[in-house]
Amino acid sequence: MSVSENLRQLKGSLPQGIILVAVSKTKPTELIVEAYNTGHRDFGENYVQELTEKYNALPKDIRWHFIGHLQSNKVKYIAPFVHLIHGVDSTKLLAEINKQGKKLNRVINCLLQIYIAKEESKFGFDFNEAKHLISSDAFMAMEHVKIIGLMGMATNTSNLTLVNDEFSSLSEFARELKSDFGSKANFEVKEISMGMSSDYQLAIENGSTMLRIGSSIFGSR
Ligand SMILES: *Cc1c(COP(=O)(O)O)cnc(C)c1O
């Protein structure tokens, strides 16, 4: 099926108000244009160089989501235009995003990546580290970032009970943060980014507000 047909079917099946980030990593700009021409505007990329090339080549009203592991020394390349950075997984990275935001006089929206999987390879804060960061003076002083929610990746497994438990733990933690911290100038739990092609239905059932879906839209990589 075509990208536009995949998108149409997928969007038709989603509850109202969910943000669908079409993950276009490794895919050519022609396919992004096809999705764009259906009216879609939110796209996700994992690699800084690929994202900047696509940003330069494509319409400027696209909302670019950076969803991969971001190295601090590469923040400067995407800071001028990125719409949302999903994978903030260290205080050092957040401080660098703040520094680049300050240079550009912009506030860069971020999600804290929370480690919810049973796998060794996934990045992110654990619950205590995240709370420690949010309550720190260092974070209070960061005026050029805003944390607008959480991001998580479930274990890559066919064990749906495990995936469900992991998503549910992220939602539960989001509720806990809302009650512990409410909202501050640079912090609010509005979005929960969870759910990919293989597990987005479970993510929706567990309160996801943002899906990151690649292969179901653009085909396998
Ligand atoms: C690639 C990727 C996705 C999309 O995965 P699909 O299985 O193609 O839907 C979502 N989130 C992250 C962080 C990714 O790297």
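Quick note, in numbering that gives the first Met the number 0, the sequence shown goes up one by one and the last residue is 220. Note that the Cβ used here is the ideal one computed from N, Cα and C, for glycine as well. Please read these numbers as outputs of a predicted model, since none were measured by experiment.
Closer than 6 Å: residue i CB and nearest ligand 1 heavy atom
i, result
"Asn205", "no"
"Ile191", "no"
"Ile66", "yes"
"Asn45", "yes"
"Gly213", "yes"
Host beta strand (DSSP E) of residue i (start-end)
i, result
"Ala209", "A quick correction: the sequence has Met, not Ala, at residue 209. It spans Met209 to Ile212 - the beta strand (DSSP E) in which Met209 sits, taken as one unbroken run."
"Ala192", "With the sequence shown as reference, residue 192 is identified as Ser, and Ala is not the correct amino acid for it. Its beta strand (DSSP E) spans residues Phe186 to Ser192."
Nonlocal neighbours in the same chain, by C-beta distance under 8 Å from residue i, ignoring five residues either side
i, result
"Arg40", "Asp60, Ile61 and Arg62"
"Glu231", "This structure does not reach residue 231, given that the chain is present from 0 up to 220, and the question cannot be answered."
"Ala173", "Gly148, Leu149, Val188, Ile191 and Gly206"
Same chain, Cβ closer than 6 Å to residue i, neighbours up to 5 away in sequence not counted
i, result
"Asp88", "Gln112, Phe122 and Gly123"
"Asn205", "Phe166, Ser167 and Ser170"
"His143", "Asn97, Gly100, Lys101 and Val106"
Spatial distance of residue i from residue j (CA atoms)
i, j, result
"Arg105", "Gly86", "19 Å"
"Asn108", "Asn97", "10 Å"
"Leu69", "Val47", "8 Å"
"Thr51", "Ile84", "14 Å"
"Glu119", "Thr154", "10 Å"
Range covered by the alpha helix (DSSP H) that runs through residue i
i, result
"Asn97", "Thr90 to Leu103"
"Gly11", "Val2 to Ser12"
Sequence-distant residues of the same chain with beta carbon closer than 7 Å to residue i, five excluded per side
i, result
"Ser215", "Asn5, Leu9 and Ser196"
"Ala129", "Leu111 and Ile113"
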